[in-house]
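**Student:** Residue numbers (the numbering used here): 1 to 465.
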Amino acid sequence: MRFVPLSVSAMNRLSEHSQGPRRRGWCPSALRPMMAADGLLLRVRTRAGRLTSHDLRALARIASAHGDGAVGLTRRGKIEIRGVRDGEAALAALRKAGLVRNDSAPDLLVSPAGDLDSSAQTDVTATAEAVSAALHQDPRFQDLPAKTAIVLDGGGRAHLGDNYGDLRIDAVGGAASIALAGTAQTARPLGLCSLEAVPAVAAALLLRFLRLQATMVPKPRRLSAVLQSLGLNAFQSAAAPFLTRDSARAIHRGRAEVIGRVPGAWYGLAFPFGVVSADGLLRLADAVENCGSGDIRVLPSRTVLLANAGPETAALLQAAGGIGRNDDPRLRIEACSGLGACPVATTPTRGDALALAERVPGLLSGGAGGCALHVSGCAKGCAHSGSALVTLTGNGGRYDLSLMAAAGSAPVWRGLTLDEAAARLNAVERSVEAQRAQDEKLEATMKRLGAAGLRRLSGKETAGA
Ligand code: SF4
1 MRFVPLSVSA
11 MNRLSEHSQG
21 PRRRGWCPSA
31 LRPMMAADGL
41 LLRVRTRAGR
51 LTSHDLRALA
61 RIASAHGDGA
71 VGLTRRGKIE
81 IRGVRDGEAA
91 LAALRKAGLV
101 RNDSAPDLLV
111 SPAGDLDSSA
121 QTDVTATAEA
131 VSAALHQDPR
141 FQDLPAKTAI
151 VLDGGGRAHL
161 GDNYGDLRID
171 AVGGAASIAL
181 AGTAQTARPL
191 GLCSLEAVPA
201 VAAALLLRFL
211 RLQATMVPKP
221 RRLSAVLQSL
231 GLNAFQSAAA
241 PFLTRDSARA
251 IHRGRAEVIG
261 RVPGAWYGLA
271 FPFGVVSADG
281 LLRLADAVEN
291 CGSGDIRVLP
301 SRTVLLANAG
311 PETAALLQAA
321 GGIGRNDDPR
331 LRIEACSGLG
341 ACPVATTPTR
351 GDALALAERV
361 PGLLSGGAGG
371 CALHVSGCAK
381 GCAHSGSALV
391 TLTGNGGRYD
401 LSLMAAAGSA
411 PVWRGLTLDE
421 AAARLNAVER
431 SVEAQRAQDE
441 KLEATMKRLG
451 AAGLRRLSGK
461 ETAGA
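(1) Are the Cβ atoms of L223 and A181 separated by less than 9 Å?
(2) G25 by DSSP, collapsed to three states: which one?
(3) Tell me which residue opens and which closes the beta strand (DSSP E) that T391 is part of.
(4) Below 8 Å, is the gap between the Cβ of A120 and the nearest heavy atom of the ligand SF4?
(5) Which runs of the beta strand (DSSP E) spanning at least 3 residues fall entirely within the segment 291-339, listed in chain order?
(6) Any heavy atom of the ligand SF4 closer than 8 Å to the CB of K147?
(7) Between A202 and the ligand SF4, is the CB less than 8 Å from at least one heavy atom?
(8) What is the rounded straight-line gap between the Cα of K78 and the Cα of S458?
(9) Three or more C-beta pairs closer than 8 Å, one from the segment 389-405 and one from the segment 415-424: is that the case here?
(10) Could you check where the alpha helix (DSSP H) with I150 kicks off and where it finishes?
(11) Using the three-state DSSP reduction, which class does H374 fall into: helix, strand or coil?
(12) Suppose contacts are defined by Cβ-Cβ distances below 9 Å. Is L454 in contact with L373 by that definition?
(13) Grab me the residues of R188's own chain with a C-beta within less than 7 Å of its C-beta, minus the 5 sequence neighbours each way, in chain order.
(14) Among residues of its own chain, excluding the 5 on either side of V71, which ones have a beta-carbon nearer than 7 Å to its beta-carbon?
(15) Just to confirm, is the Cβ distance from A285 to H54 under 9 Å?
(16) Using 9 Å as the threshold, is the C-beta distance between K380 and V412 below it?
(17) Return the Cβ separation of R85 and H66 in integer angstroms, given the expectation that the two are a contact with Cβ distance under 8 Å.
(18) Let me know the secondary structure DSSP gives A30 once reduced to three states.
(19) Return the residue from the list A434, A307, V172 that minimises the CA-CA distance to D246.
(20) Which runs of the beta strand (DSSP E), 3 residues or longer, sit entirely within the segment 212-259?
(21) Locate the beta strand (DSSP E) running through L167, then write down its first and last residues.
(22) State the Cα-Cα distance for the pair L305 and L299, rounded to the nearest angstrom.
(23) Could you give the residue range of the alpha helix (DSSP H) that holds E80?
(24) Under a Cβ-count criterion, where at least 16 other Cβ atoms within 10 Å of its own Cβ denotes burial, should V100 be classed as buried or exposed?
(25) Given a threshold of 16 other Cβ atoms within 10 Å of its Cβ, counted over all protein chains shown, does T186 qualify as buried or as exposed?
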């Protein structure tokens with residue numbers, strides 16, 4: 001997505017007109033408004049990943065009155081309202097609903113279901129609130145680069161092991177593992193501290209990042225760049241006063257399991273492209289109130305969990321437009337917001353992705369997970385940075401089609417209409433089926449044949465198409 005960031009922030013500037021010069025402590029990070037082709041875009045933070053039914057009803061009202069009638073779940077666990085015409089009015093409505101948080105500058109990604117999940121290491125909700133409070137108190141954190149993220153992961157089925165954090169805090173056996181710049185597997189570990197020390201160690205490390213960043217030319221935008229240049233030792237002394245004598249531990253997280261009903265814990269739902277309509281929000285609010293759990297939990301995987309939901313809640317939740325089954329092919333589709341929402345896009349990416357998915361079901365079923373179909377408005381690939389089995393990249397109102405590649409990669413076919421893309425993919429499906437060994441996974445066959453082999457095999461069928 002190519003946005004035009006407003007020079008200070010739209011909300012601050014709007015406020016300045018009536019309130020004089022910007023006050024440094026005025027909550028610049030609770031909303032990060034940006035101008036997109038379809039209007040202002042606001043991102044609202046949750047409280048440690050929780051939204052009450054009151055919050056859901058307020059978001060539905062505000063999205064309908066001030067935005068495009070829906071909200072988006074972001075990959076940082078925030079709620080996005082798009083197409084906002086009157087930012088001042090939207091902000092006033094969010095404030096009135098208690099949805100503007102005086103929060104810390106960096107995004108804080110929290111595993112929000114520790115109290116529901118017996119397999120979680122710990123419930124990190126209180127730690128998350130303490131980290132937010134500690135960072136908000138110090139205006140220096142407002143100078144952190146906008147993309148800075150802290151991941152606070154209590155483990156369990158709804159873990160955040162795959163989420164990248166400039167700073168990662170992983171609960172391990174009653175303590176917290178502190179690591180820098182990575183996922184649970186790849187972050188560079190510094191050591192262990194008590195959960196009570198987490199706010200202090202987070203503050204110390206982020207201040208060290210700011211200090212080191214200021215000494216470097218050019219100024220690096222991410223902590224990972226400082227780490228790469230100066231090494232772990234540059235951060236070690238900032239964390240040392242808070243670390244225990246125990247050695248750092250490797251963090252092992254299994255596959256996160258959140259969709260569908262987990263008896264005694266939650267009912268998890270995803271939404272196509274992470275978009276929930278205002279009506280869907282109201283139905284979610286009904287479900288929260290009917291099952292009496294009090295709130296939903298929002299994960300950075302763009303899924304929501306309804307606590308303690310029984311089987312009777314399933315129909316209500318799915319009426320909200322949610323995906324409640326792990327084998328739903330829509331979980332394997334990614335598409336950016338596309339034409340009308342992004343000035344670069346020339347194709348209606350999301351509608352095309354859903355239409356195409358119905359025409360090539362074989363490519364989306366029975367896979368090993370991950371993205372099978374990515375429809376991107378341009379080579380930037382905002383919705384999915386990695387490779388997909390099939391990628392369509394918008395190009396002047398048509399699509400370039402690549403196989404087992406990322407958006408913008410060398411295409412197998414260029415300049416296709418959606419019908420032409422579907423015809424070629426049907427041919428690819430048939431070629432793969434014809435070449436597939438017994439019990440071989442579709443991805444394995446595709447990899448074995450390679451993009452060139454698939455093109456050759458399927459090209460005969462589509463010649464002249
Ligand atoms: S990938 Fe999509 S949203 Fe991102 S810049 Fe390109 S068209 Fe816009």
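C-beta atoms are modelled at their ideal positions from N, C-alpha and C, and glycine is treated no differently.
**Tutor:** Once the coordinates are examined:
(1) By the CB criterion at 9 Å, L223 and A181 fall inside the cutoff.
(2) Caution applies to G25, whose pLDDT of 30 falls short of 50 and renders its modelled position unreliable; the value that the coordinates give is listed next. For G25, the secondary structure class from DSSP, reduced to helix, strand or coil, is coil.
(3) 388-395 is the span of the beta strand (DSSP E), which, as asked, contains T391.
(4) No, the ligand SF4 has no heavy atom inside 8 Å of this Cβ.
(5) As far as the segment 291-339 is concerned, its whole beta strand (DSSP E) runs of at least 3 residues are 295-299, 303-307, 333-335.
(6) Exclusion of K147 from the 8 Å shell around the ligand SF4 follows from its C-beta lying no nearer than that to any non-hydrogen atom of the ligand.
(7) At a cut-off of 8 Å, the beta-carbon of A202 does not count as near the ligand SF4: no heavy atom of the ligand is closer than that.
(8) Distance between the alpha carbons of K78 and S458 is about 42 Å.
(9) Because the criterion of three Cβ pairs below 8 Å is met, the segment 389-405 and the segment 415-424 touch.
(10) Here I150 belongs to no alpha helix (DSSP H); instead the beta strand (DSSP E) covers 149-153.
(11) In the structure shown, the three-state DSSP call for H374 is strand.
(12) For L454 and L373, no; Cβs fall outside 9 Å.
(13) Hits under 7 Å: A179, L180, A181, G182, L227, L232.
(14) The residues are L59, A63, I79, E80, I81, V276, L281.
(15) One thing to note: A285 has its Cβ within 9 Å of the Cβ of H54.
(16) No, the pair does not count as a contact, with Cβ atoms beyond the cut-off.
(17) Between H66 and R85 the Cβ distance is about 7 Å, and since that is below 8 Å, they are a contact.
(18) With a pLDDT of only 46 at A30, under the threshold of 50, the placement of this residue in the model should not be trusted; the figure read from the coordinates follows. It is coil, neither helix nor strand.
(19) It is V172.
(20) Entirely contained in the segment 212-259, not one beta strand (DSSP E) run reaches 3 residues.
(21) Secondary structure note for L167: its beta strand (DSSP E) is the uninterrupted segment 165-172.
(22) Between L305 and L299, the C-alpha separation is close to 8 Å.
(23) In the DSSP annotation of this structure, E80 is not part of any alpha helix (DSSP H); the continuous beta strand (DSSP E) holding it starts and ends at 79-84.
(24) Buried, by the Cβ-count rule.
(25) T186 should be labelled exposed.
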